[in-house]
Every structure is written in structure tokens, then in C-alpha cells.
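Notes for the one structure printed next.
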Amino acid sequence: MRLNEMSPAPGSKKPRLRVGRGASAGQGKTCGRGVKGQRARKGGYHKVGFEGGQMPLQRRLPKFGFRSKIAPTVAEVRLSELAKVKADVIDLDALKAANVVPATSQRARIVSSGGIDRAVTIKGVHLTKGAKAAVEAAGGKIEAVEAAAK
Numbered sequence: 001m002r003l004n005e006m007s008p009a010p011g012s013k014k015p016r017l018r019v020g021r022g023a024s025a026g027q028g029k030t031c032g033r034g035v036k037g038q039r040a041r042k043g044g045y046h047k048v049g050f051e052g053g054q055m056p057l058q059r060r061l062p063k064f065g066f067r068s069k070i071a072p073t074v075a076e077v078r079l080s081e082l083a084k085v086k087a088d089v090i091d092l093d094a095l096k097a098a099n100v101v102p103a104t105s106q107r108a109r110i111v112s113s114g115g116i117d118r119a120v121t122i123k124g125v126h127l128t129k130g131a132k133a134a135v136e137a138a139g140g141k142i143e144a145v146e147a148a149a150k
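Structure (C-alpha cells):
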């Protein structure tokens, strides 16, 4: 292959459309802009989403959703993730040290997902009913859950 043999792929380079050069050129008179109206005029500009004065779609639809300031502070922990915690007494500090919950979390909640195979003491962390039953079935115990609710 030589430089003089190189050429663009067929169909990749379209010739520029020359408008307003007579009827025989195919884009004479109105130059493909239709008849009258804002878009037919030179400088006929409108904003993105403008619908000619009609209430735009983004304003017709209802607003929804918000970001809770509380949500990021409460972390959810699976039972299976408690295996990462080496301590026998599992509290919020132990969960943070084992990188199970983010460092910014102020509360944690253990949910019944997966299983637990060793006896642990859970202190100051909320549990769901299923998680509580699973911990107690594994020989563990729960202490001072009410203190974490404050």
C-alpha cells in the first residue's frame, strides 16, 4: 500500500450539500427548510426542549425522588459477611475495622442473608428477626441492641 493508493472508504465522505442553487440542483427556493415558520428563517433559534410555547415535556412530568441525609449513615450487613470479622464481640467498631461497613456509618443492621457458622456476641447492632434466630441457633448471643437505637 502506498500513500497515493490510499483513499477513504466508499460512502464515508459525502459531498457538501449546496443549497439555493436553483430548482435543478434539488435544493432550490426554500433550500430544504420547508415553508414559513421559525425554523425556515435565518437565525431561527430555540432552546433544547422548546416546544413552540407549549408546556415542555420536562415541565409536564412530575418531580420525584430525593436524597435522604440519614440513608448513608445506616449500613446493612449480611450474616455471611460476619465471617470477615475476626473479633468474638461484634460491634460497630469491629465492623468498621473489618471494612464490612463504611467508616461514615453511624448504625448497622444485620440481615438474614447467608449463614453464620460460629458463636459470636453481637453488641449494639440491630438485627432482623431471621438474623437474630440464626445467631442464636449458632450459639451466639445478642447484647444491648436498644443502646444502638439512640
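Letter by letter, the sequence shown follows residues 1 to 150 in UniProt numbering.
We put the beta carbon where it would ideally sit given N, CA and C, even for glycine.
- Judged by pairs of C-beta atoms under 8 Å, the segment 76 to 85 does not touch the segment 44 to 55, as fewer than three such pairs exist.
- Of the candidates Gln106, Asp88, Arg39, Asp88 places its Cα closest to the Cα of Gly139.
- Here DSSP, grouped into helix, strand and coil, assigns Leu17 to coil.
- At the C-beta level, Glu143 and Thr121 come within 8 Å of one another.
- Counting only unbroken stretches of 3 or more residues, the beta strand (DSSP E) elements lying wholly within the segment 36 to 116 are 74 to 78, 107 to 111, in sequence order.
- One thing to note: Gly28 has its Cβ no nearer than 8 Å to the Cβ of Arg39.
- The Cβ atoms of Val77 and Arg109 sit closer than 8 Å to each other.
- Counting the other CB atoms within 10 Å of its CB gives Gly32 a total below 16, which places it among the exposed residues.
- With respect to the 8 Å criterion, Arg41 and Thr73 are not classified as neighbours on the basis of their beta carbons.
- Assignment of Lys29 by DSSP, reduced to helix, strand and coil, places it in the coil class.
- Contact check for Ala75 and Val101: beta-carbon distance about 4 Å, within the 8 Å limit, so the pair qualifies.
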